[in-house]
Amino acid sequence: MCKTCGCSDDSRPTLTNLETGRVVALDERHDHDHGHDHVHSHRHDHAGPSTATIALETAVLAKNDRLADRNRGWLADRGILALNLVSSPGAGKTTLLERTIRDLGGEISISVVEGDQETLNDAERIQATGCRVVQINTGTGCHLDAAMLAKGLDELDPPRGSVVLIENVGNLVCPALFDLGERAKVVIASVTEGDDKPLKYPHMFRASSLLILNKIDLLPHVSFDLAHFLKHARAVNPALRVVRVSATRGDGLEGWYDWLRSRSP
Amino acid sequence: MHELGIAQEIVSIVVEHAAGARVVRVVLEIGKLAAVLPDAVRFCFDLCAEDTPLEGASLVIIETPGRARCRACGNELTFDRPFGRCPCGETDLEWLAGAELKVKEFEIIDV
Ligand SMILES: Nc1nc2c(ncn2[C@@H]2O[C@H](COP(=O)(O)OP(=O)(O)OP(=O)(O)O)[C@@H](O)[C@H]2O)c(=O)[nH]1
Ligand SMILES: [Mg+2]
Ligand SMILES: [Zn+2]
Ligand SMILES: [Zn+2]
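Shown next, in the form of structure tokens:
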């Protein structure tokens, strides 16, 4: 167990290729080099009171941003469209992916990178549609980062001119901060989550290009004020496009498919 | 709780640049629109600094406000959320500052 962050071996990130069954440890980002090499210098024991200030001005996420740019270049070289699907847990990302692959699979070449803290459940659901998929398990991590996606893309090896759909870990907070190198973020919200989500999680709604409002088949059964929801979403991100769908019943999916088609290679 | 990952990143950036020197102070800039909670970073920082040259270092966090210019009237405004409305009624804003998340400087014991 790592003393600094309390992580144990079985909570470390892994990558699973559903086709080959290969499992790879993803600990590059989490390399446990928390300075143990330097700890025992004991210089402070003998040091005088004088100190020196070192100016840095370094972005905390600079490393992730560099890796994200590298992913973006890798994808562009191959003419691949990558989309980062984000939502709170259970909004319907996997259901929407299953449906999308079944409806568009003959028309667009799609493969999937699944992100979850634990289990291969979502990747197995995607695999059942006949689609190529790899699963990233983040362990204690609550979001995908650019280093994980780089490994995921390597393993997935998506064909040139195809579409890669990335299902991020269900979480409306940190995936907004971690650029993966995707072309755009698509945020999925569902009517069972309440109409104030855009105000509560403004960063995610602001970082996204498309908002898919899911589970509209449940509108008659929940108190969800659609006008309020749309007003809040537009207040946070005036440029946000919105489609309303039911991933299970199929309502409104053409709006999402048109958006996807118009961007696919 | 992405602040744990953020704090780990901060510690590893400073460890790398300190090249073995003992660090007594770290100064961060966190914008109001950075989606990072200063208190949570502070809590995680102490945890992540344990057993590193940053152990026991003080953490100074400079919080910078969100600034935006109204695209309709050109008014410059301050916000602590990543959205808002100009007094003229417009919500279409050009964001100028407030998303900063960086290590500004750190102080080492000079030997
Ligand atoms: N009524 C209704 N239920 C839906 C719809 N879409 C998804 N669901 C249900 O919502 C539940 C969660 O769906 P998932 O697709 O697993 O959600 P997810 O966002 O992938 O969840 P995580 O990966 O765990 O974050 C399942 O029981 C789905 O059947 C919809 O349009 N209408
Ligand atoms: Mg899922
Ligand atoms: Zn996270
Ligand atoms: Zn104005």
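Protein chains in written order, with our numbering: chain U, 1 to 265; chain H, 1001 to 1111.
From the three backbone atoms N, C-alpha and C, an ideal C-beta is built for every residue, glycine too.
Keep in mind the model is a prediction, meaning the values are calculated, not measured.
*Under 5 Å, CB to nearest heavy atom of ligand 2: contacting residues*: U/Lys93, U/Thr94 and U/Asp122
* Local Cβ density within 10 Å of U/His221, reported as buried at 16 or more and exposed below that -> What you label residue 221 of chain U is simply residue 221 of the first sequence in a count that begins at 1. Result: exposed.
Go ahead and pull the three-state DSSP assignment for U/Glu98. As a first step, residue 98 of chain U is located in the first sequence; it is residue number 98 there, counting from the start. In the structure shown, U/Glu98 sits in a helix (DSSP, three-state: H, G or I).
Problem set entry | For U/Val163, the nearest candidate out of U/Asp195, U/Gly170, U/Val133 and U/Ser190 (CA to CA) | Stepping through the first sequence from its first residue, residue 163 of chain U is reached at position 163. Measuring C-alpha to C-alpha distances from U/Val163 to each of U/Asp195, U/Gly170, U/Val133 and U/Ser190 identifies U/Val133 as the nearest.
Proximity test, Cβ basis, 8 Å: H/Ile1006 and chain U: If you number the second sequence from 1, residue 1006 of chain H lands on position 6. So yes, H/Ile1006 belongs to the interface.
- prompt: Does ligand 4 have a heavy atom nearer than 7 Å to the CB of H/Asn1075?
  reply: Residue mapping note: residue 1075 of chain H aligns to position 75 of the second sequence, counting from 1. Yes, since a heavy atom of ligand 4 falls inside the 7 Å radius drawn around the Cβ of H/Asn1075.
- Task: Counting only the same chain and skipping the five closest in sequence on each side, list residues whose C-beta sits under 8 Å from that of H/Val1011.
- Result: Position 11 of the second sequence, counted from the start, is the residue given in the question as residue 1011 of chain H. Around H/Val1011: Phe1045, Cys1048, Ala1049, Thr1052 and Leu1054.
With distances taken Cα to Cα, identify the nearest neighbour of H/Phe1106 among U/Leu56, U/Ala25, U/Tyr257 and U/Ala189. Your numbering for residue 1106 of chain H matches position 106 in the second sequence. Ranking the options by Cα distance to H/Phe1106, first place goes to U/Leu56.
In whole angstroms, what separates the C-alpha of U/Leu61 from that of H/Ile1061? Here residue 61 of chain U refers to the residue found at position 61 when the first sequence is read from its first residue. Here residue 1061 of chain H refers to the residue found at position 61 when the second sequence is read from its first residue. Approximately 16 Å, taken between the alpha carbons.
Near H/Gly1031, what residues of its chain come up, given a Cβ to Cβ distance below 6 Å and the 5 sequence neighbours on each side ignored?
-> Residue numbering aside, residue 1031 of chain H sits at position 31 when the second sequence is read from its first letter. For H/Gly1031, where only same-chain residues beyond five positions count, the Cβ hits under 6 Å are Thr1064, Gly1098, Ala1099 and Glu1100.
Return the chain-ordered list of same chain residues with a C-beta closer than 7 Å to the C-beta of U/Arg206, the five sequence neighbours on each side being excluded. Sequence index remark: in the first sequence, residue 206 of chain U carries index 206 (1-based). The beta carbon of U/Arg206 sits closer than 7 Å to those of Val236 and Asn237, all from its chain and outside the five residues before and after it, given in chain order.
Indicate whether U/Leu75 and U/Gly152 have their beta-carbon atoms separated by less than 8 Å.
-> Taking the first residue of the first sequence as 1, we reach residue 75 of chain U at position 75. Taking the first residue of the first sequence as 1, we reach residue 152 of chain U at position 152. No, the pair does not count as a contact, with Cβ atoms beyond the cut-off.
- How would you call U/Val173, buried or exposed, if buried means at least 16 neighbouring beta carbons within 10 angstroms? What you label residue 173 of chain U is simply residue 173 of the first sequence in a count that begins at 1. So U/Val173 counts as buried.
Nearest by alpha-carbon distance to H/Arg1071: which of H/Arg1081, H/Leu1059, H/Pro1087 and H/Leu1004 is it? The count along the second sequence starts at 1 and reaches residue 1071 of chain H at position 71. Nearest C-alpha to H/Arg1071: H/Pro1087.
Checklist line | Nearest-angstrom Cα separation, counted from H/Gly1005 out to U/Asp37 | finding: Within the first sequence, residue 37 of chain U is the residue found at index 37, counting from 1. Within the second sequence, residue 1005 of chain H is the residue found at index 5, counting from 1. With a pLDDT of 38 at U/Asp37, under the threshold of 50, the modelled position of that residue is not reliable, and the figure given next carries that caveat. Put simply, the backbone Cα of U/Asp37 is about 21 Å away from that of H/Gly1005.
Practice task
Specify which residues have a beta carbon nearer than 5 Å to any heavy atom of ligand 6, listing them in chain order.
Solution key: Although ligand 6 was asked about, the structure shown includes only ligand 1, ligand 2, ligand 3 and ligand 4 as ligands.
Q.
Cβ closer than 9 Å: which chain H residues qualify as neighbours of U/Glu57?
A. Here residue 57 of chain U corresponds to residue number 57 of the first sequence, with the count starting at 1. Within 9 Å Cβ-Cβ: Glu1029, Lys1102, Val1103, Lys1104 and Glu1105.
### Message
By the three-class DSSP mapping on this structure, what secondary structure does H/Glu1063 have?
### Response
As a position in the second sequence, residue 1063 of chain H is number 63, starting the count at 1. In the displayed model, H/Glu1063 falls within a strand according to three-state DSSP.
Review point. Beta-carbon of U/Val236 versus every beta-carbon of chain H: anything under 8 Å?
Key: Taking the first residue of the first sequence as 1, we reach residue 236 of chain U at position 236. Yes, because at least one Cβ of chain H sits closer than 8 Å to the Cβ of U/Val236.
Exercise for the section: Identify the contact partners of U/Pro159 in chain H, using a Cβ-Cβ distance below 9 Å as the criterion. Expected result: As a position in the first sequence, residue 159 of chain U is number 159, starting the count at 1. Per Cβ cutoff of 9 Å: no residues; U/Pro159 is ~32 Å from chain H at best.
*Name the one or two DSSP bridge partners that H/Phe1079 has.*
Walking along the second sequence from the start, residue 1079 of chain H turns up at place 79. Paired residue(s): H/Gly1066.
By how many angstroms is the C-alpha of U/Val187 removed from the C-alpha of U/Gly194? The residue you call residue 194 of chain U lines up with position 194 of the first sequence. The residue you call residue 187 of chain U lines up with position 187 of the first sequence. U/Gly194 and U/Val187: Cα-Cα distance of roughly 15 Å.
Are any of the Cβ atoms in chain U nearer than 8 Å to that of H/Ala1068? Position 68 of the second sequence, counting from 1, holds the residue named residue 1068 of chain H. Residue-level contact check: H/Ala1068 does not touch chain U, since none of the beta carbons of chain U fall below 8 Å from its beta carbon.
- H/Ala1035 by DSSP, collapsed to three states: which one? Counting from 1 along the second sequence, the entry for residue 1035 of chain H is found at position 35. Coil, per DSSP.
- Message: Give me, in chain order, the residues of the same chain whose beta-carbon lies closer than 8 Å to that of U/Asp217; leave out the 5 immediate sequence neighbours on both sides.
- Response: Residue 217 of chain U sits at position 217 when you count from the first residue of the first sequence. For U/Asp217, where only same-chain residues beyond five positions count, the Cβ hits under 8 Å are Ser246, Thr248, Arg249 and Asp251.
Within-8 Å CB hit, H/Asp1039 to chain U:
By one-based count along the second sequence, residue 1039 of chain H stands at place 39. No, no contact with chain U.
Under a three-way DSSP split, which group does U/His30 fall into? As a working note, residue 30 of chain U is residue 30 in the first sequence. Low confidence applies to U/His30: its pLDDT is 43, below 50, so where it sits in the model is not reliable, and the reading given next is rough at best. Correct three-state label for U/His30: coil.
* Asked: Between U/Ser190 and U/Asn214, which are expected to be in contact by the criterion C-beta below 8 Å, what is the C-beta distance as a whole number of angstroms?
  -> Here residue 190 of chain U is taken as the residue at index 190 of the first sequence, counted from 1. Here residue 214 of chain U is taken as the residue at index 214 of the first sequence, counted from 1. The Cβ separation is near 4 Å, so the contact holds.
Closest by C-alpha distance to U/Ser111, when choosing among U/Ile54, U/Ile126, U/Thr119 and U/Asp122: Within the first sequence, the letter at position 111 stands for residue 111 of chain U. For the residues U/Ile54, U/Ile126, U/Thr119 and U/Asp122, the minimum Cα distance to U/Ser111 belongs to U/Ile126.
Hey, does H/Glu1009 have any beta-carbon neighbour from chain U nearer than 8 Å?
Your numbering for residue 1009 of chain H matches position 9 in the second sequence. It does: the Cβ of H/Glu1009 has a partner Cβ on chain U nearer than 8 Å.
* Asked: Hey, U/Thr16 and U/Ala128 are a contact pair by Cβ (cut 8 Å); roughly how many whole angstroms apart?
  -> By 1-based counting over the first sequence, the position of residue 16 of chain U is 16. By 1-based counting over the first sequence, the position of residue 128 of chain U is 128. The Cβ separation is near 15 Å, so there is no contact.
Step through the CB atoms of chain H and report whether any lies within less than 8 Å of the CB of U/Ile136.
As a position in the first sequence, residue 136 of chain U is number 136, starting the count at 1. So no, U/Ile136 is outside the interface.
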